[in-house]
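Engineer: A single structure is presented below for examination.
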Amino acid sequence: MPSTDAWVKAAFVALAVFTLVHLALVAGSFGRSSSPSVRVPVQANYEPNWVDIAAIDALHAAHDDELLHLIALNVFCRKEDNVLIPWTARNSSDMLHRDSPHAAILAELRKCPAVDIYLNTGVRDHGYCEDAMAYTLHLQSRAIPKWVLETTFTDEDGSATTYFELCPRSAILFMNHYWEEVHEMPRFPSTKKIVLMPNSRDEYNRIWAWYNQDFNNPRGAKVLYTQHTTSDATVLVRNASQHGQLNGTLAPKNFSQLSVVHANGK
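Residue 4 in the UniProt record's numbering sits at position 4 of the sequence shown, with consecutive numbering throughout.
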């Protein structure tokens, strides 16, 4: 009988031989499958799927239309300092002024979105308009100045009402620290939710820590740290170029000398 050591050596030899044979078979199979002579035939009369291409073009057009809409809202925000801006606005005539007919203002206020965007006069610059209009558009809301909260509106039937009576459950979003004591107004419902828009991580931490103190948040206010897409001026230029609205021609792209535009707030 062979010794135990002999059996162990024989087993290792057999395993080594088996491994080498297996590797040789795999290598041979790989070599045959990767041989240039084995190719998948390609149809000579292949045509692109124009349905898919049309769908992609439609998607790009819809995306550009959304960005153009956001740009238009930004223009209204910068030019009209004290108006109510609905998310559906496409023209300056869609803005609601303090002296607009009460029936028109009430028709907009009665829509009561989930969140209203508070944007009073004096802060409608590049930075805050970018932020506020992004929220206005994508939350399908409206940007409201302070006079909307202070005015008693008279309906066509002679009845009087206020924003707070119409939309007690719509949360109100404040941009950064521009509260302007709105939450302390006598008509402000105790159940109306407050959302703040801090513009930095540090501010978010500080405001949340302040609210998180004992008995310091009676209305259950929320502090959110978010990011969003801002408007894109290149879409505006491309759209103008496609419709022959440019004075002159576009310069070719030059990636060796990049230009960056930063729109900062207050």
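The beta carbon of each residue, even a glycine, is placed where N, CA and C say it ideally should be.
On the criterion of 16 or more Cβ atoms from any shown chain inside 10 Å, does Pro186 qualify as buried, or is it exposed?
Structural biologist: The residue given as residue 186 occupies position 186 in the sequence shown. So Pro186 counts as exposed.
Engineer: Tell me which same chain residues have a C-beta within less than 7 Å of the C-beta of Val148, skipping the five on either side of it?
Structural biologist: What you label residue 148 is simply residue 148 of the sequence shown in a count that begins at 1. Here the set comprises Leu84 and Tyr163.
Engineer: Looking only at its own chain, which residues have a Cβ that is under 7 Å from the Cβ of Pro86, when we skip the five neighbours before and after it?
Structural biologist: The count along the sequence shown starts at 1 and reaches residue 86 at position 86. Once the five neighbours on either side are set aside, the close Cβ partners of Pro86 are Asp94, Glu108 and Arg142.
Engineer: What whole-angstrom Cβ distance do Tyr204 and Leu173 have, given they're in contact under 8 Å?
Structural biologist: To locate residue 204, count along the sequence shown from 1; it is residue 204. To locate residue 173, count along the sequence shown from 1; it is residue 173. Contact flag wrong, Cβ pair sits at about 14 Å.
Engineer: Taking contact to mean at least 3 C-beta pairs separated by less than 8 Å, is the segment 209 to 226 in contact with the segment 246 to 258?
Structural biologist: no
Engineer: Per DSSP, what kind of secondary structure is Arg142 in: helix, strand or coil?
Structural biologist: For the purposes of this step, residue 142 is taken as residue 142 along the sequence shown, with counting starting at 1. Note: Arg142 maps to strand in three-state DSSP.
Engineer: Who are Tyr118's beta bridge partners in DSSP?
Structural biologist: Translated into the one-based positions of the sequence shown, residue 118 becomes position 118. In DSSP, Tyr118 forms a bridge with Ile144 and Phe174.
Engineer: For Phe153, name the three-state secondary structure that DSSP assigns.
Structural biologist: Here residue 153 refers to the residue found at position 153 when the sequence shown is read from its first residue. Residue state, collapsed to three classes: strand.
Engineer: For the alpha helix (DSSP H) that contains Ala251, what are its first and last residues?
Structural biologist: Start at 1 with the first residue of the sequence shown, and residue 251 comes out as number 251. It is not in any alpha helix (DSSP H) - Ala251 carries neither H nor E in the DSSP assignment.
Engineer: Kindly give me the distance between the Cβ atoms of Ala89 and Leu68, rounded to whole angstroms, as I take these residues to be in contact under 8 Å.
Structural biologist: As a position in the sequence shown, residue 89 is number 89, starting the count at 1. As a position in the sequence shown, residue 68 is number 68, starting the count at 1. That belief does not hold up - the Cβ atoms of Ala89 and Leu68 are roughly 13 Å apart, past 8 Å.
Engineer: At 4 residues or longer, and completely inside the segment 162 to 232: list those alpha helix (DSSP H) runs for me, N to C.
Structural biologist: 163 to 166 and 201 to 211
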